[in-house]
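Residues are numbered in the working numbering as their position in the sequence shown, beginning at 1, plus a constant of 925.
From the three backbone atoms N, C-alpha and C, an ideal C-beta is built for every residue, glycine too.
Quick caveat: nothing in here was measured; it's all calculated off a predicted structure.
For reference, the structure is listed below as structure tokens.
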Amino acid sequence: MKHFNCIVKSAIISLIAVFASCTSEDISPIDEMPLNTTSQKDALDFVAQLTPDQKKNLELTGEVFLPEEQKNSWNTTIAQDIPVRWGMFDSPFKQSRAVGIAGSYKAQYWTMLRVKLGKEITGIDVSERIRNQLNLAVKAIESKTNVRFYNSQRDNKYFEVGSFKLELPNIVINMYDNDSKIEGSGSYGLIGGEQYIYCSTDLNNKNKYSDEEVRAFLMHALCNAAGMFNEQQRNDRDNYVTIYTANIKSNCKPCFEKQTKNYVTMGNFDYNSITMASSKSYSVNGENTIVKKGDGGEIKRNLTLSESDINFLNAYYLPYIARKDNYVQLDKKVYRDGRLLTDTERQELQDALNAERGLTGTPPESGVIIRDPW
């Protein structure tokens, strides 16, 4: 499930047009990455929920993300006073108010996904296993896509300039025990302020869940936070799957709500998406919740990013490197239209992005932030 922004900057349009006409060796970001699937056993499900603002938008307009909230790296200029590591494209300081509040800045995509560990809500430390698999999930996403992550653990929660106070966006990983009645949940896209991914302490049970399954759980959560809806929420899903609503947990039904507006699909329905529910996902009674249309075939859970997942993320993100200053610096690999940009193309794009911020020259290496593991 995808979202789309129609506002495109002319400078970047020109560069993209040049890139499309250039000849270079096609390098698929999914080479040597076979699909890894598993049959569903005990539920290991991630539940993303719409925020109250998103629900209101949907009710009033039929769209989850309003046009001014639909920003992405390929067509949106980052405000000159915003470092890419802040995760946002525009400065909330431009709004007329004395104090920034949680949720005051909303946009579907990030410049970089800011991730930190927390225990403020449940009082439970994030386990070593979850931290290890989080680092591997981030590595897997970064190795195949343009998406980049920033460890915001040591950053202040608020950034203050004079009388203005801004709560920076963060994806906060929390753990909960099974008695707390919290479903593993998160958000779609960047919603402003801090947003949460909840991981059950049950995920620490290695006899119940493999490392690959825990990693896939986190990858699913991070892809939802990056702006991806679940594959079974596509508007055309009824042509490909049959859904048994009566078998779905009541608090998990939003994972099957069809999105009919404000999105664009890329390619065919993708049974192999990291966000695709398996046949017994979210089941309240152990019976199937979703099967293939026609023959009723079982849908297995995919544990890796699919080709469509990769193409979607690459279409809306650029691989920004975290820096202490306001320079834009792109990683060595930039994917566009299923191929790697050449070094020349990448450099031209980086120069154009910096020119939009009034900056010239090569970003100094002293400004690069080396990310600590979570």
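CA-to-CA, the gap between Arg1039 and Tyr1165 works out to about 35 Å. Residue pairing of Gln1120 in beta bridges, as defined by DSSP: Ile1096. In the three-state DSSP reduction, Glu993 falls in the helix class (H, G or I).
Asn1239 and Arg1271 do not touch by the CB rule: their CB atoms are close to 13 Å apart, not below 8 Å.
The criterion of a C-beta distance shorter than 9 Å is satisfied by Gly1221 and Thr1167. When the beta-carbon positions are compared, Ser1112 and Gln974 come within less than 9 Å of each other. For Ile1215, the enclosing beta strand (DSSP E) starts and ends at 1215 to 1217. Out of Glu1092, Arg1054, Ser1291, Asn997, the CA that lies nearest to the CA of Gln1033 is found in Asn997. Pairwise C-beta distances place the segment 1213 to 1233 in contact with the segment 1193 to 1204, as three or more of them are shorter than 8 Å. Across the structure, Asp1250 and Gly1211 are spaced so that their CA atoms are roughly 52 Å apart. DSSP places Lys1041 inside the beta strand (DSSP E), whose first and last residues are 1038 to 1042.
When DSSP states are grouped into helix, strand and coil, Glu1053 belongs to the helix group. Cβ contact annotation for Gly1114 (same chain, cutoff 6 Å, sequence separation greater than five): Gln1033, Gly1152, in chain order. In terms of CA proximity to Leu1265, Pro1244 leads the group Tyr1101, Pro1244, Val1253, Asn1279. Membership of Ala1146 in any beta strand (DSSP E) is not indicated; the residue belongs instead to the alpha helix (DSSP H) covering 1136 to 1150. The Cβ-Cβ distance between Tyr1101 and Gly1043 does not fall below 9 Å. Annotation for Ser1110: the continuous beta strand (DSSP E) segment containing it runs 1110 to 1112. With 16 or more other Cβ atoms from the protein chains shown falling within 10 Å of its own Cβ, Ser1110 counts as buried. Spatial neighbours of Glu1223 in its own chain (CB-CB distance under 6 Å, excluding positions within 5 residues in sequence) are listed in chain order as Ser1204.
Per DSSP, reduced to three states, the secondary structure at Leu1266 is coil, with no helix or strand assignment. Following the DSSP letters along the chain, one finds Ile1235 inside the alpha helix (DSSP H) bounded by residues 1232 to 1241. Contact fails between the segment 1084 to 1091 and the segment 1067 to 1074, because fewer than three Cβ pairs, one in each stretch, are under 8 Å apart. Across the structure, Thr1285 and Ile1007 are spaced so that their CA atoms are roughly 17 Å apart. In this structure Trp1299 touches Leu1059 by the C-beta definition: roughly 5 Å separates them, less than 8 Å. DSSP, read as helix, strand or coil, puts Thr1126 in helix.
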